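Visitor: Chains as they are written, first to last, in my numbering: chain P, 1 to 298; chain C, 299 to 596.
Quick reminder that beta carbons are idealized off the backbone N, C-alpha and C, glycines included.
Here the structure is a predicted model, which is why all the values come from computation and not from measurement.
Sending over a structure as structure tokens; questions will come in a sec.
Protein chains: 2
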Amino acid sequence: MSLTVVGSIALDTVDTPWGRNEEGLGGAATYFSLAASHYTRVHLVGVVGEDFPGEHVALLQSKGIDLDGLERAPGKTFRWTGRYHRDVNHRDTLDTQLNVFAGFHPKLPEAARNAEFLFLGNIHPALQLEVLDQAKASFVALDTMNLWIHTTRDDLGKVLSRVDCLIVNDSEVKDLTGEHNVVSGAEAIRALGPQIAVIKKGEHGCLLFHDGGIFAAPAFPLRNVMDPTGAGDTFAGGFMGHIAQSGNTDAQTLRRAVVHGSVVASYACEAFGPGRLAGMTPSDITERFDAFRRLVAF
Amino acid sequence: MSLTVVGSIALDTVDTPWGRNEEGLGGAATYFSLAASHYTRVHLVGVVGEDFPGEHVALLQSKGIDLDGLERAPGKTFRWTGRYHRDVNHRDTLDTQLNVFAGFHPKLPEAARNAEFLFLGNIHPALQLEVLDQAKASFVALDTMNLWIHTTRDDLGKVLSRVDCLIVNDSEVKDLTGEHNVVSGAEAIRALGPQIAVIKKGEHGCLLFHDGGIFAAPAFPLRNVMDPTGAGDTFAGGFMGHIAQSGNTDAQTLRRAVVHGSVVASYACEAFGPGRLAGMTPSDITERFDAFRRLVAF
Numbered sequence: 001m002s003l004t005v006v007g008s009i010a011l012d013t014v015d016t017p018w019g020r021n022e023e024g025l026g027g028a029a030t031y032f033s034l035a036a037s038h039y040t041r042v043h044l045v046g047v048v049g050e051d052f053p054g055e056h057v058a059l060l061q062s063k064g065i066d067l068d069g070l071e072r073a074p075g076k077t078f079r080w081t082g083r084y085h086r087d088v089n090h091r092d093t094l095d096t097q098l099n100v101f102a103g104f105h106p107k108l109p110e111a112a113r114n115a116e117f118l119f120l121g122n123i124h125p126a127l128q129l130e131v132l133d134q135a136k137a138s139f140v141a142l143d144t145m146n147l148w149i150h151t152t153r154d155d156l157g158k159v160l161s162r163v164d165c166l167i168v169n170d171s172e173v174k175d176l177t178g179e180h181n182v183v184s185g186a187e188a189i190r191a192l193g194p195q196i197a198v199i200k201k202g203e204h205g206c207l208l209f210h211d212g213g214i215f216a217a218p219a220f221p222l223r224n225v226m227d228p229t230g231a232g233d234t235f236a237g238g239f240m241g242h243i244a245q246s247g248n249t250d251a252q253t254l255r256r257a258v259v260h261g262s263v264v265a266s267y268a269c270e271a272f273g274p275g276r277l278a279g280m281t282p283s284d285i286t287e288r289f290d291a292f293r294r295l296v297a298f
Numbered sequence: 299m300s301l302t303v304v305g306s307i308a309l310d311t312v313d314t315p316w317g318r319n320e321e322g323l324g325g326a327a328t329y330f331s332l333a334a335s336h337y338t339r340v341h342l343v344g345v346v347g348e349d350f351p352g353e354h355v356a357l358l359q360s361k362g363i364d365l366d367g368l369e370r371a372p373g374k375t376f377r378w379t380g381r382y383h384r385d386v387n388h389r390d391t392l393d394t395q396l397n398v399f400a401g402f403h404p405k406l407p408e409a410a411r412n413a414e415f416l417f418l419g420n421i422h423p424a425l426q427l428e429v430l431d432q433a434k435a436s437f438v439a440l441d442t443m444n445l446w447i448h449t450t451r452d453d454l455g456k457v458l459s460r461v462d463c464l465i466v467n468d469s470e471v472k473d474l475t476g477e478h479n480v481v482s483g484a485e486a487i488r489a490l491g492p493q494i495a496v497i498k499k500g501e502h503g504c505l506l507f508h509d510g511g512i513f514a515a516p517a518f519p520l521r522n523v524m525d526p527t528g529a530g531d532t533f534a535g536g537f538m539g540h541i542a543q544s545g546n547t548d549a550q551t552l553r554r555a556v557v558h559g560s561v562v563a564s565y566a567c568e569a570f571g572p573g574r575l576a577g578m579t580p581s582d583i584t585e586r587f588d589a590f591r592r593l594v595a596f
């Protein structure tokens, strides 16, 4: 079954102790789409400026991603600049230029509206509501961030009441629910609407809360983390991609989706930008999925 | 087979948002012994003062722990006072009074010397060397802390070259090896001597590095964390207890030992002091071990 994603497409400049990547392809919807494209047909809805390089469009097209919903607006593409330190778990955002993203109102073409699965990337909750009003998906997952939790609580509450799954960082759980304890936080999230909560903890893995209980997955241990930009969006892409490919949301599918998310996110961290992600083969995924089984076997 | 532990025995005063425990039974060797006593015969080597309550001695004896190596010295028992906040992952040490622990030199009675398994609790590396010179154990695990890493590096290096397993926190790995990446850090530890490295990450679980690869275990998700004091020592007690009970150190035993450590540590966090730990039944352990399997199944 097919999967629609709405979110940011960006040009990222990333500085790390190991090197610098200047104005590379970035954005949540980009990472999500490239990850999910290994599993299912993806409809990408977003906006870029007149300066968006044709090679990036070609890369997305080469992965079979439907770009009918990719709007090209007058002006410049959204830009983000960040710096990582030796401890890659912490980063500084040095600059954000919204550019054409500031005036973005998502317009879903026919195929994107009809997709059975939908991922609402981290954009203003009012825009997420606009997407929900257009889409016919039977299963919707949501990302958000501390900014929206603090500034647009009412709209965010409306979105939460209409989605099936929330995928957030552990720090966002605290901001959203006031709970320091992750189990209580997940219960509070489920009381707000989404019956499935996925709590990401970066290098510490993630927790899935669902009707079938709790599932804990470590992150895949990596010796060389080159660039963690987009790892969370990549995780969401693998997670939703596997669910859309399976066509159901039973407990086993959800748990395996978490592992698929972890697998593709681990590849994403091993190179600058989404290049490694785009270049993954089915056997790369199978190989690391099997390594994941050995990692947690006892 | 039997297991010797050398380490601190204390009276702990613990303050949390949920209550206060005044001068309760504490200390690394105490938590370790109580946890390990559910698996195997434990020889406890440590020192207490004249003020150490008889009821604590009786509790340890009731669990079958051999107290021949428990020295009673003139003066007061080691005391520790700490405070936890709503986010229980961070605590402040408010007061430490070494008292009789300051002049401690471990003397291992016959049975403690002859034990096949030995755990060197977090004490001065020079004392750990004194223990190694007395003990005949074929498998030795070690705990240490940032203080010794920074102030007694030479002695610590000698200890590391003589032990089989190091059990430390992730922050200690960075201090010991200079590596921010946990995989590189574990490799650096193994180059210092111990062929088995267990890296504890508190609520994020732990990683085991051994000849058979890497094993990742989450922490058991708890809704109510009352008092995490001693959780790391309890983990070590369950880990070493299971190994001593099994009588071998193959890959599967090591992995299951990590899960047993996680199981008993989760119980230790659910009440003030080591009371819940002492009161555990075999079916408590089996029940949570099984819950752990469900937690990571996919």
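Buried or exposed: which applies to K136 (chain P), given that a residue is buried once 16 or more other Cβ atoms fall within 10 Å of its Cβ?
Guide: That one is exposed.
Visitor: Assign P218 (chain P) to buried or exposed, taking buried as 16 or more other Cβ atoms, counted over all protein chains shown, within 10 Å of its Cβ.
Guide: When all chains shown are included, P218 (chain P) counts as buried.
Visitor: Could you check if L430 (chain C) belongs to the surroundings of the ligand PLP, using beta carbon to heavy atom distance under 7 Å?
Guide: The ligand content of the structure shown is nil, which means the ligand PLP is not present either.
Visitor: Return the chain-ordered list of same chain residues with a C-beta closer than 8 Å to the C-beta of I285 (chain P), the five sequence neighbours on each side being excluded.
Guide: So the qualifying residues of the chain are H38, H260, V263 and V264.
Visitor: Any C-beta of chain P sitting closer than 8 Å to the C-beta of V480 (chain C)?
Guide: Yes, its Cβ sits closer than 8 Å to a Cβ of chain P.
Visitor: Since D233 (chain P) contacts T16 (chain P) with CB under 8 Å, what's their CB separation in whole angstroms?
Guide: That belief does not hold up - the Cβ atoms of D233 (chain P) and T16 (chain P) are roughly 18 Å apart, past 8 Å.
Visitor: What does the alpha-carbon distance come out to for the pair V296 (chain P) and R488 (chain C)?
Guide: About 21 Å.
Visitor: Do A327 (chain C) and F376 (chain C) have their C-beta atoms within less than 8 Å of each other?
Guide: Cβ atoms of A327 (chain C) and F376 (chain C): not closer than 8 Å.
Visitor: Determine the contact status of D441 (chain C) and L418 (chain C), defining contact as a CB-CB distance below 8 Å.
Guide: Contact: yes.
Visitor: Could you tell me which residues DSSP pairs with Q395 (chain C) in its beta bridges?
Guide: Q395 (chain C) is bridged to C:R377.
Visitor: If you follow the beta strand (DSSP E) that H43 (chain P) is part of, which residue opens it and which one closes it?
Guide: Run containing H43 (chain P): V42 to V48, per the beta strand (DSSP E) assignment.
Visitor: Which residues of chain P have a Cβ atom closer than 7 Å to the Cβ of V557 (chain C), listed in chain order?
Guide: F298, listed in chain order.
Visitor: Mind listing the chain C neighbours of G213 (chain P)? Cutoff is C-beta to C-beta under 8 Å, in chain order.
Guide: Residues of chain C passing the Cβ test: R592 and L593.
Visitor: Output, in chain order, the set of chain P residues within a Cβ distance shorter than 8 Å of P519 (chain C).
Guide: Going along chain P in sequence order, the residues near P519 (chain C) (Cβ under 8 Å) are V182, V183, L207, I214 and A216.
Visitor: Just to confirm the assignment, what range does the alpha helix (DSSP H) spanning N114 (chain P) have?
Guide: Run containing N114 (chain P): E110 to N114, per the alpha helix (DSSP H) assignment.
Visitor: Please report the straight-line C-alpha distance between A566 (chain C) and Y329 (chain C), rounded to a whole angstrom.
Guide: Their backbone Cα atoms lie some 9 Å apart in a straight line.
Visitor: Let me know the secondary structure DSSP gives R370 (chain C) once reduced to three states.
Guide: Looking at R370 (chain C) - three-state DSSP - the assignment turns out to be strand.
Visitor: Got a sec: which bits of the stretch 222-236 of chain P sit with their beta carbon under 9 Å from any beta carbon on chain C, in order along the chain?
Guide: Cβ contacts with chain C come from L222, R223, N224 and V225.
Visitor: For the stretch 79-97 of chain P, which residues have a beta carbon sitting closer than 7 Å to at least one beta carbon of chain C?
Guide: Answer in chain order: R86 and D87.
Visitor: Hey, does K304 (chain P) have any beta-carbon neighbour from chain C nearer than 8 Å?
Guide: There is no way to answer for residue 304 (chain P), as the model of chain P reaches only from 1 to 298.
Visitor: Among C:G491, C:P351, C:P407 and C:L416, which has the Cα closest to the Cα of S459 (chain C)?
Guide: With distances taken between Cα atoms, S459 (chain C) lies closest to C:G491.
Visitor: From this set, P:L277, P:V140 and P:N122, which residue's C-alpha is nearest T152 (chain P)'s C-alpha?
Guide: With distances taken between Cα atoms, T152 (chain P) lies closest to P:N122.
Visitor: Which residue comes first and which comes last in the beta strand (DSSP E) that contains L142 (chain P)?
Guide: It spans F139 to L142 - the beta strand (DSSP E) in which L142 (chain P) sits, taken as one unbroken run.
Visitor: Taking the straight line between their C-alpha atoms, what separation do you get for R554 (chain C) and D68 (chain P)?
Guide: Taking the straight line from one Cα to the other gives about 51 Å.
Visitor: Using 8 Å as the cut-off, can you tell me whether the stretch 233-246 of chain P makes contact with the stretch 94-107 of chain P, which would need three or more C-beta pairs spanning the two stretches below that distance?
Guide: Touching, no.
Visitor: Grab the span of the beta strand (DSSP E) containing T4 (chain P) for me, first residue to last.
Guide: It spans L3 to V6 - the beta strand (DSSP E) in which T4 (chain P) sits, taken as one unbroken run.
Visitor: Quick check: is the beta carbon of H508 (chain C) nearer than 8 Å to any beta carbon in chain P?
Guide: With 8 Å as the cut-off, H508 (chain C) does not count as an interface residue toward chain P.
Visitor: Looking at the structure shown, is N444 (chain C) part of a helix, part of a strand, or coil, going by DSSP?
Guide: Three-state result, N444 (chain C): helix.
Visitor: Please state whether DSSP places V523 (chain C) in a helix, a strand or coil.
Guide: Note: V523 (chain C) maps to coil in three-state DSSP.
Visitor: Taking only three categories from DSSP, how would you classify K498 (chain C)?
Guide: Strand, per DSSP.
Visitor: Who pairs with T13 (chain P) in a beta bridge, going by DSSP?
Guide: The partner list for T13 (chain P) (beta bridge, DSSP) reads P:T81.
Visitor: For the stretch 191-202 of chain P, enumerate the residues whose C-beta is nearer than 8 Å to any C-beta of chain D, in chain order.
Guide: Judged by its chain identifiers, the structure shown contains no chain D, and its protein chains are P and C.
Visitor: Tell me, please, whether the CB atom of R256 (chain P) is closer than 8 Å to any CB atom in chain C?
Guide: Interface residue, yes.
Visitor: Which chain C residues sit within Cβ distance under 8 Å of H204 (chain P)?
Guide: K499, H502 and G503, listed in chain order.
Visitor: Specify the secondary structure class of V183 (chain P) as computed by DSSP and reduced to three states.
Guide: Three-state result, V183 (chain P): helix.
Visitor: Exposed or buried, what is P74 (chain P) when buried is set at 16 or more other beta-carbons lying within 10 Å of its beta-carbon?
Guide: Answer is exposed; the Cβ neighbour count stays below 16.
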